[in-house]
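Residue numbers (the numbering used here): 4 to 92.
C-beta atoms are modelled at their ideal positions from N, C-alpha and C, and glycine is treated no differently.
None of the values given here were measured: they were computed from a predicted structure.
One structure is given here, and the rest of the page talks about it.
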């Protein structure tokens, strides 16, 4: 019996330390760092700050758990699909 293939997030996690800066967390999540900061401001992503400071820190395992708990994207309602009329325009 072959061993189960680990999820891609588990493979990526090995390349990152347990505590991440904003730039490292953005790289892990494959998003722009400014977008990540906006998600933090909106309270959409788990983040930690030093007392009295502006520095953001992320726990790698916490981010991966958050990511895996997100619902799958609904492609049909995203508004990104393009309808092609019979003429092809």
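For residue 71, the closest alpha carbon among the candidates 26, 42, 32, 43 is that of 32. Secondary structure of residue 43 (DSSP, three-state): helix. A straight-line Cα-Cα distance of about 13 Å links residue 61 and residue 47. Secondary structure at residue 31: helix, using DSSP grouped into helix, strand and coil. Rounded to whole angstroms, the separation of the alpha carbons of residue 19 and residue 56 is 23 Å. Residue 22 carries a strand assignment under DSSP once its states are collapsed to helix, strand and coil. Shown here, residue 57 sits in coil according to DSSP, grouped into three states, outside any helix or strand.
Counting along the chain, the unbroken alpha helix (DSSP H) around residue 66 starts and ends at 63-72.
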